[in-house]
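**Q** Under mature numbering (1 follows the signal peptide of the UniProt record, and there is no 0), the letters of the sequence shown match residues -21 to -1, 1 to 128, in that order.
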Amino acid sequence: MSTVLKLVLCAFIFIRFFVQGDPIDELKQTYMNIVKECLTKYPVTSEEMEHMKNGTLSKSGQANCLLACAYRKTGMMDEAGMLSLEGVNKATGMYFSNNPEKMKKAEEFIEACKGVNEEEVNDDGDKGCTRAALIFRCTIEKAPGFDLI
């Protein structure tokens, strides 16, 4: 699996956990293109990519901004740098509307991570980099409880 594809899977972990085993080539290609675009603005080192593949983030913050960029472009984060519950629900609905079980899991999982919007972050304003890291961490921490990994 290519490094970019692995990064896509980490960066869009919300989607990844709900599409295992499903034919999602178009979705993967769309997200791969988004991540490639964001990588031009927020390049990360191979070490940072390795951290992300392993479910952690480095302390440099560049990977956080890469995540924020990708989350925004997919509608998972709004312009104020907040997790967009509406955007995440819309994205999952597009791909799972014919699978009530996956939709229910997605909704419950999103509900479990919506608290990231209540966390106070003031180091990057509306860039959303710090909140993107919170979204990523919540996903890594909460996903096992939903039997999604």
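Where is the CB? At the ideal position from N, CA and C, for every residue including glycine.
Would you kindly work out how many angstroms separate the C-alpha atoms of M61 and E87, rounded to a whole number?
**A** Here residue 61 refers to the residue found at position 82 when the sequence shown is read from its first residue. Here residue 87 refers to the residue found at position 108 when the sequence shown is read from its first residue. So the two alpha carbons sit approximately 18 angstroms from each other.
**Q** Taking only runs that begin and end inside the region 65 to 91, name each unbroken alpha helix (DSSP H) of 4 or more residues, in chain order.
**A** Within the region 65 to 91, no complete alpha helix (DSSP H) run reaches 4 residues.
**Q** Enumerate in chain order the residues of its own chain whose CB-to-CB distance from Y21 is below 7 angstroms, with the five nearest sequence positions on each side excluded.
**A** As a position in the sequence shown, residue 21 is number 42, starting the count at 1. Same-chain partners within the cutoff: Q41, C44, L45 and C48.
**Q** Check the DSSP bridge columns for L62 and list the partner residues they point to.
**A** If you number the sequence shown from 1, residue 62 lands on position 83. Note: L62 sits in a beta bridge opposite M56.
**Q** Leaving aside the five residues before and after V95 along the sequence, list all residues of the same chain whose C-beta is less than 8 angstroms from its C-beta, in chain order.
**A** As a working mapping, residue 95 is identified with position 116 in the sequence shown. Around V95: L62, R110, L113, I114 and C117.
**Q** Might you give, ordered along the chain, the residues of its own chain that have their beta carbon closer than 7 angstroms to the beta carbon of C108, omitting 5 neighbours on each side?
**A** Along the sequence shown, read from residue 1 onward, the residue named residue 108 stands at position 129. Excluding residues within five positions, the ones whose Cβ falls inside 7 angstroms are G40, N43, C44 and A47.
**Q** Could you give the C-beta distance for I89 and G34, rounded to a whole number, given that I count them as a contact under 8 angstroms?
**A** The residue given as residue 89 occupies position 110 in the sequence shown. The residue given as residue 34 occupies position 55 in the sequence shown. Contact doesn't hold; Cβ gap of about 19 angstroms is too wide.
**Q** Got a sec, what are the start and stop residues for the alpha helix (DSSP H) L113 sits in?
**A** The residue you call residue 113 lines up with position 134 of the sequence shown. L113 -> alpha helix (DSSP H) spans C108 to K121.
**Q** Alpha carbon to alpha carbon, how far is E29 from M11?
**A** The sequence position of residue 29 within the sequence shown is 50, counting from 1. The sequence position of residue 11 within the sequence shown is 32, counting from 1. Their Cα atoms are separated by approximately 17 angstroms.
**Q** May I have the straight-line CA-CA distance separating P2 from G72, to the nearest angstrom?
**A** Against the sequence shown, residue 2 aligns to sequence position 23. Against the sequence shown, residue 72 aligns to sequence position 93. Low confidence applies here, because P2 scores a pLDDT of 37, under 50, leaving its location unreliable and the question unanswered by this model.
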